[in-house]
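**Q**
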Amino acid sequence: MNHLISIADSPTLIGIEQPATLRAPEIEKGVGCDFDSYLLVPDNSLDERIAAARARLGKDVVILGHHYQRDEVIKFADFRGDSLKLSYQAAEAQGRYIVFCGVHFMAESADILRRDHQIVVLPDLNAGCSMADMADIGQVDACWAELASVLDTSKIIPVTYMNSTAAIKSFTGEHGGAVCTSSNAAAVMRWAFERGEKILFLPDEHLGRNTGYRMNIPLDEMIVWDPYQELGGNTPEALRKARVILWKGYCSVHQRFTPEHVARVRRDFPGINVIVHPECRFEVTQAAGQIGSTEGIIKAVTTAAPGSKWAVGTEIHLVNRLAKQHPDRTVMSLDKSVCVCTTMFRITPHHLLWALDNLAAGNVVNRISVDERTRHYARVALDRMLSLR
Ligand code: 13P
Ligand code: SF4
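Counting the sequence shown from 1 gives a position; our numbering is that position plus 776.
(1) What are the start and end residues of each continuous alpha helix (DSSP H) run of 4 or more residues lying completely inside the stretch 930 to 986, in chain order?
(2) Considering S1153, what are the terminal residues of the alpha helix (DSSP H) in which it resides?
(3) Bridge partners of C877, per DSSP?
(4) Tell me whether L1094, by its Cβ, gets closer than 7 Å to a heavy atom of the ligand 13P.
(5) The alpha helix (DSSP H) spanning F855 covers which residue range?
(6) Measuring from the CB of C1115, is there a heavy atom of the ligand 13P at a distance below 7 Å?
(7) Buried or exposed: D892, going by 16 or more other Cβ atoms within 10 Å of its Cβ?
(8) In whole angstroms, what is the alpha-carbon distance linking A1063 and P1035?
(9) State the Cα-Cα distance for the pair E981 and V1041, rounded to the nearest angstrom.
(10) Is any heavy atom of the ligand SF4 found at a distance shorter than 7 Å from the C-beta of C905?
(11) State yes or no: is the C-beta of V849 within less than 8 Å of the C-beta of L1128?
(12) Using CA coordinates, which residue listed in E868, W920 and T1070 is at the minimum distance from T929?
(13) Terminal residues of the continuous beta strand (DSSP E) containing G1089?
(14) Which term fits V964, buried or exposed, when burial requires 16 or more other beta carbons within 10 angstroms of its beta carbon?
(15) Could you tell me whether the Cβ atoms of S885 and L1158 are closer together than 8 Å?
(16) Could you check if N992 is buried or exposed, using at least 16 other CB atoms within 10 Å of its CB as the buried criterion?
(17) Under three-state DSSP, which class holds I850?
(18) If you run the structure through DSSP and keep just helix, strand and coil, what is I1073?
(19) Within its chain, find whatever has a CB closer than 6 Å to the CB of T797; leave out the 5 residues flanking it on each side and keep chain order.
(20) Would you tell me roughly how many angstroms separate the C-alpha atoms of S987 and Y1153, rounded to the nearest one?
(21) Give the secondary structure of I1144 by DSSP, where H, G and I count as helix, E and B as strand, and everything else as coil.
(22) Rounded to a whole number of angstroms, what is the C-alpha to C-alpha distance between T1150 and Q1031?
(23) Rounded to a whole number of angstroms, what is the C-alpha to C-alpha distance between C905 and F881?
(24) Got a sec: does the ligand SF4 put a non-hydrogen atom nearer than 7 Å to the Cβ of S959?
(25) Looking at the strands, I want to know which residues DSSP matches up with S1109.
(26) With a CB to CB cut of under 6 Å and the five nearest residues on each side skipped, what residues in its chain are close to L1162?
(27) Kindly examine the ligand SF4 and report whether one of its heavy atoms sits closer than 7 Å to the Cβ of V879.
(28) Straight-line CA distance for G952 to L816?
(29) Do the CB positions of M907 and P1003 come within less than 8 Å of each other?
(30) Mind checking which residues open and close the beta strand (DSSP E) that includes L1022?
(31) Check V1095 in the structure and name its three-state DSSP category.
(32) Cβ atoms of K974 and A1018: under 8 Å apart, would you say?
(33) Would you decide whether T1011 is buried or exposed? Buried here means 16 or more other CB atoms lie within 10 Å of its CB.
(34) Contact defined as beta carbons within less than 8 Å: I believe V1146 pairs with I895. What is the distance between those atoms, to the nearest angstrom?
(35) Helix, strand or coil for Q794? Go by DSSP, reduced to three states.
(36) Can you check DSSP and say which residues form a bridge with I913?
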């Protein structure tokens, strides 16, 4: 039995009827027109047109899709994965154009890892990430200067989650640190502790704490840095004692899950397995018992016994897909109200078609381009992570 949750279509793009009189010639040609014209492309012709644009581009294009993308988009991905898998794909992709169906920080990372002749395109520039936006480079520079007034910063290693801007990755690389993803956070933190005494973990408080706790770091040695308070809201003594300094940032999707959700599914579905993403709050991960990165969750459900029951605390498109793919298991969201990443959801088949049509016509749209200096140190931080494979 599956418990699929339907997702209301984005108010912006889906299902708009196209009056025949508005059919502009540019839309017929499919190139050179602004995105708004593509809102008039009827839903029932999208698949065919996307396939045709891809055929025109041939090996020149590779489409990457994060697991949280909607079905209508991810079905066109040449490679799908979590942030870690997709960064390897971006580094190894052969196509001239890398079209990234994900969010802005992922496309930036692809631009940092790409080869010289490649171009990275994000089909909708509004596909950002609220967590990445919570660590502004000015705030992080100020934090580092404040830390230097209390501690020897040469002994602090920054570790930044992939879900951060290129500027934060660059800061991390320049200060001897590395990027991590939810799949390899423990390995990267171990790497950092071999090089320094403390870690500044950016920008997800929860991933940092959950990973540190699993590495046997006591909770009182992991403190939160609030960028809006002096010394991040800490005393100099607390900073000296801390082993991990957690930036006060979070994912608006995963932070919605609560321990009450865990208690409710256990009550309503005795024997159910509860697995949650490490971006969830500490209390939720403790109540759930099983923690899995995006790939970890997929593996747990995919390899589970037929008949087993799963409540999953992560983005709803992935949960629904797992439920559809495994009808012999009960797979449901941990929260009955829909936990959708609204920024990932911004990428629609219309955006994908618009980007591909333009590329096929030699017109690069929505290019993601990281400046050279930022790119240099961000690449250092990403390469340190990739070398831990
Ligand atoms: P992962 O792909 O590393 O699991 O990250 C989840 C996420 O929030 C992506 O934005
Ligand atoms: Fe950002 Fe959370 Fe969406 Fe991932 S799921 S892109 S962390 S808001």
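Backbone N, C-alpha and C define an ideal beta-carbon position, used for all residues, glycine too.
**A** Quick answer:
(1) 942 to 950 and 961 to 969
(2) Here the question's residue 1153 lines up with position 377 in the sequence shown. It is worth fixing the name first, because residue 1153 is Tyr in this sequence and not Ser. Start and end: E1148 to L1162.
(3) As a working note, residue 877 is residue 101 in the sequence shown. Paired residue(s): G841.
(4) For the purposes of this step, residue 1094 is taken as residue 318 along the sequence shown, with counting starting at 1. No, the ligand 13P has no heavy atom inside 7 Å of this Cβ.
(5) In the sequence shown, residue 855 corresponds to position 79, counting from 1. Per DSSP, F855 is not a residue of any alpha helix (DSSP H); the beta strand (DSSP E) it occupies stretches across F855 to G857.
(6) Here residue 1115 corresponds to residue number 339 of the sequence shown, with the count starting at 1. Result no, Cβ not under 7 Å from the ligand 13P.
(7) The residue given as residue 892 occupies position 116 in the sequence shown. Around the Cβ of D892, a 10 Å sphere holds fewer than 16 other Cβ atoms; the residue is exposed.
(8) Your numbering for residue 1063 matches position 287 in the sequence shown. Your numbering for residue 1035 matches position 259 in the sequence shown. Cα-Cα distance, rounded: 6 Å.
(9) By 1-based counting over the sequence shown, the position of residue 981 is 205. By 1-based counting over the sequence shown, the position of residue 1041 is 265. When rounded, the distance between both Cα atoms is 26 Å.
(10) Taking the first residue of the sequence shown as 1, we reach residue 905 at position 129. Under cutoff, so the answer is yes.
(11) As a first step, residue 849 must be located in the sequence shown, where it is residue number 73. As a first step, residue 1128 must be located in the sequence shown, where it is residue number 352. Yes, the Cβ-Cβ distance between V849 and L1128 is below 8 Å.
(12) Residue 929 sits at position 153 when you count from the first residue of the sequence shown. When only C-alpha atoms are compared, the closest one is W920.
(13) Locating residue 1089 in the sequence shown gives position 313, counting from the first residue. Run containing G1089: K1085 to G1089, per the beta strand (DSSP E) assignment.
(14) Against the sequence shown, residue 964 aligns to sequence position 188. Counting Cβ neighbours within 10 Å, V964 comes out buried, since at least 16 surround it.
(15) Sequence index remark: in the sequence shown, residue 885 carries index 109 (1-based). Sequence index remark: in the sequence shown, residue 1158 carries index 382 (1-based). Contact flag set, yes.
(16) Here the question's residue 992 lines up with position 216 in the sequence shown. Flag for N992 reads exposed.
(17) Looking up residue 850 in the sequence shown gives position 74. Reduced to three states, the DSSP call for I850 is helix.
(18) The count along the sequence shown starts at 1 and reaches residue 1073 at position 297. DSSP places I1073 in helix when its eight states are reduced to three.
(19) As a position in the sequence shown, residue 797 is number 21, starting the count at 1. For T797, the predicted model reports a pLDDT of 29, less than 50, meaning its position is unreliable; a value from the coordinates is still stated below. When the five nearest sequence neighbours on each side are left out, no beta carbon in the same chain lies closer than 6 Å to the beta carbon of T797.
(20) To locate residue 987, count along the sequence shown from 1; it is residue 211. To locate residue 1153, count along the sequence shown from 1; it is residue 377. Ser is not the amino acid found at residue 987; the sequence shown has Thr there. Rounded to the nearest angstrom, the two C-alpha atoms are 25 Å apart.
(21) Here residue 1144 refers to the residue found at position 368 when the sequence shown is read from its first residue. It is coil, neither helix nor strand.
(22) Position 374 of the sequence shown holds residue 1150. Position 255 of the sequence shown holds residue 1031. Straight-line Cα distance between these residues: approximately 30 Å.
(23) As a first step, residue 905 is located in the sequence shown; it is residue number 129 there, counting from the start. As a first step, residue 881 is located in the sequence shown; it is residue number 105 there, counting from the start. Cα to Cα, C905 sits roughly 7 Å from F881.
(24) Reading the sequence shown from its first residue, position 183 is the one you call residue 959. Not so, every heavy atom of the ligand SF4 lies at least 7 Å from the Cβ.
(25) Counted from its first residue, the sequence shown places residue 1109 at position 333. V1088.
(26) Here residue 1162 refers to the residue found at position 386 of the sequence shown. Taken in chain order, the list of residues that qualify is empty.
(27) Against the sequence shown, residue 879 aligns to sequence position 103. Yes, the Cβ of V879 comes within 7 Å of a heavy atom of the ligand SF4.
(28) Counted from its first residue, the sequence shown places residue 952 at position 176. Counted from its first residue, the sequence shown places residue 816 at position 40. If I take the Cα positions, the gap works out to 50 Å.
(29) Locating residue 907 in the sequence shown gives position 131, counting from the first residue. Locating residue 1003 in the sequence shown gives position 227, counting from the first residue. No, the Cβ-Cβ distance between M907 and P1003 is not below 8 Å.
(30) Taking the first residue of the sequence shown as position 1, residue 1022 is located at position 246. From DSSP, the beta strand (DSSP E) with L1022 extends over V1020 to W1023.
(31) Within the sequence shown, the letter at position 319 stands for residue 1095. Helix.
(32) As a position in the sequence shown, residue 1018 is number 242, starting the count at 1. As a position in the sequence shown, residue 974 is number 198, starting the count at 1. Closer than 8 Å, so yes.
(33) Position 235 of the sequence shown, counted from the first residue, corresponds to residue 1011. Exposed is the call here.
(34) Walking along the sequence shown from the start, residue 1146 turns up at place 370. Walking along the sequence shown from the start, residue 895 turns up at place 119. Not really, about 12 Å apart at Cβ, beyond 8 Å.
(35) One-based indexing of the sequence shown puts residue 794 at position 18. Since pLDDT at Q794 reaches only 29, below the 50 mark, its modelled position is unreliable, and no value is offered.
(36) The sequence position of residue 913 within the sequence shown is 137, counting from 1. I913 pairs with nothing; no bridge assigned.
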